[in-house]
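Order-wise, the sequence lines are chains Y and R.
Residue numbering for the first sequence follows my numbering, beginning at 1 and increasing consecutively.
Residue numbering for the second sequence follows my numbering, beginning at 1001 and increasing consecutively.
Ideal Cβ positions, reconstructed from N, Cα and C, are used throughout, including at glycine.
Just so we're clear, the structure is a prediction, and the values are computed from it rather than from any experiment.
Protein chains: 2
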Amino acid sequence: MESPQKTTSAHDKLLRAAAALFYDNGIGGTGIDAVVQRAGVAKKSLYNNFTSKADLVSQYLEARHAEWLALNDARQEGAQTPRERILAVFDAYRDHAEFAYERGFRGCGLLNAAAELTADDPGRQVVRRHKEEVEALLLAPLSELLPDDPARAGRLARQLSFLLEGAMARAGLEGSSDQLLEARAMAADLLVTL
Amino acid sequence: MESPQKTTSAHDKLLRAAAALFYDNGIGGTGIDAVVQRAGVAKKSLYNNFTSKADLVSQYLEARHAEWLALNDARQEGAQTPRERILAVFDAYRDHAEFAYERGFRGCGLLNAAAELTADDPGRQVVRRHKEEVEALLLAPLSELLPDDPARAGRLARQLSFLLEGAMARAGLEGSSDQLLEARAMAADLLVTL
DNA sequence: AGATATAGGTATACAGACCTACCTACTCCG
DNA sequence: CGGAGTAGGTAGGTCTGTATACCTATATCT
């Protein structure tokens, strides 16, 4: 089987430790030794569960994406109208921002990672997929609201996703997640005319 | 005096080389040796002109900020109305995006650097100042357009700056600067109602 | 011209990176 | 039970990074 949870599998402990350190100090700024020390496991265990640091990074990115999806699903549960489903995406982003580790909020972990990965790194693909998925989640309700104008729905989805991304980038710079609330309010404003 | 241009001062050669390498490979991904080799300069010269790599990074960030300001000034020359002055800021960002080195476009160098710098790094302060300055450049014409509603002008400036930032972040991910054109069009749309 | 500062170039200290090796111990499973 | 797989722990190997030292050569300034 995959891993029927022995105590708390070394794999999970490593991923959790890597998540905190990668987010706080950056990927390049985090050494293998720091990860195993924080995880409280032997270095051997790391290389039993991951083929390399790049593999650990890749799984870290996937995990953060999955983490956000779960938060979004939870928010979508409570959303009824298309308009609420759009704002739920903004709420999910804000929820995700609460995942700050000890060094404080530093913006979107996926975006930060992409900024530090080289252009050909496979990890960037994960980040691109994430952003596409978010945009699709914005587009679906908009298409419902504007069934006769798909072009406008597409432009609006893109605009909202830019807004979200920009708010996240600025939030990371300032170290606060207030910008995500602002962005949500802006999105709500844009939607009242529909 | 400062440095009355001997031939092409080592300081400039180093900054130019660092700019290309930092932008293409990231700051952490760029070693001192690579910088001096590309600059065609001795390592001694680096440590004569800069106290450390951190100093080089800091001056790199300042230089990119100044570079953008120059591009913006040029664009503002041709702008007459407040509306044009706002769109000129978007144009300047697009101009700046054309500063791609051999590895292609990778988004806003300042934002990428901030993503990879730790929370307490002084370099982040430079990036914050840059973003504040951009937002101020957006706010001034909006205050002219909305002299009786400064609150709305402020919100709009912030929204436009989020739009710009988000487009830049996405553009860096995709490796293309088309998103900046989209953002300019969105901004133009938002301004027609004023 | 002579003094001072800057530059080239190589060698090197010193730390930290990623990864592997070896040995021991526990646990799972037929 | 006995063997295989996973885990802990330490040690080391190789590479790369930042920064300095030393010596020579060139350029600038009085």
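query                                                                                                                                                        : result
In terms of residue numbering, what span does the alpha helix (DSSP H) encompassing residue 150 (chain Y) cover?                                             : 150-174
When the Cα atoms are used, what is the spatial distance from residue 1177 (chain R) to residue 44 (chain Y)?                                                : 44 Å
Does the Cβ of residue 1081 (chain R) have 16 or more other Cβ atoms within 10 Å, making it buried, or fewer, making it exposed?                             : exposed
Which value, in whole angstroms, describes the spacing of the CA atoms of residue 1111 (chain R) and residue 181 (chain Y)?                                  : 21 Å
Using beta-carbon positions only, say whether residue 166 (chain Y) and residue 1163 (chain R) come within less than 7 Å of one another.                     : yes
Looking at the secondary structure, which residues open and close the alpha helix (DSSP H) in which residue 129 (chain Y) lies?                              : 123-145
Below 6 Å CB to CB, which residues in the same chain sit around residue 1106 (chain R) once its five sequence neighbours on both sides are set aside?        : 1172
Taking C-beta pairs closer than 8 Å, name the residues in chain Y that residue 1124 (chain R) reaches, listed in chain order.                                : 173
For residue 1076 (chain R), which option in R:1147, R:1064, R:1093 has the closest C-alpha, if you only look at C-alpha atoms?                               : R:1093
For residue 1127 (chain R), go through chain Y and note every residue whose CB falls closer than 8 Å to its CB, in chain order.                              : 173
Just checking: is the beta-carbon of residue 1028 (chain R) within a distance shorter than 7 Å of some beta-carbon in chain Y?                               : yes
Looking at residue 189 (chain Y): is its Cβ nearer than 7 Å to the Cβ of residue 103 (chain Y)?                                                              : no
With 7 Å set as the bound, which would you pick, yes or no: does the beta-carbon of residue 1165 (chain R) sit closer than that to a beta-carbon of chain Y? : yes
Helix, strand or coil for residue 183 (chain Y) per DSSP?                                                                                                    : helix
Would you check if the distance between the CB atom of residue 14 (chain Y) and the CB atom of residue 46 (chain Y) is smaller than 7 Å?                     : yes
Who are the neighbours of residue 1008 (chain R) on chain Y, taking C-beta pairs under 8 Å?                                                                  : Under the 8 Å cutoff, chain Y gives no residues; its nearest Cβ is about 29 Å from residue 1008 (chain R).
By the 10 Å Cβ neighbour count, where 16 or more other Cβ atoms means buried, how is residue 1089 (chain R) classified, buried or exposed?                   : buried
Is the Cβ of residue 90 (chain Y) closer than 7 Å to any Cβ of chain R?                                                                                      : no
Below 7 Å on C-beta distance, what does residue 1025 (chain R) contact in chain Y?                                                                           : 118
What are the boundary residues of the alpha helix (DSSP H) that includes residue 1120 (chain R)?                                                             : Unbroken run through residue 1120 (chain R): none, as it is neither H nor E.
Quick check: the Cα distance between residue 1187 (chain R) and residue 1160 (chain R), rounded to an integer number of angstroms?                           : 7 Å
Can you find a CB in chain R that lies within less than 7 Å of the CB of residue 186 (chain Y)?                                                              : yes
With 16 other CB atoms within 10 Å as the buried threshold, where does residue 42 (chain Y) fall?                                                            : exposed
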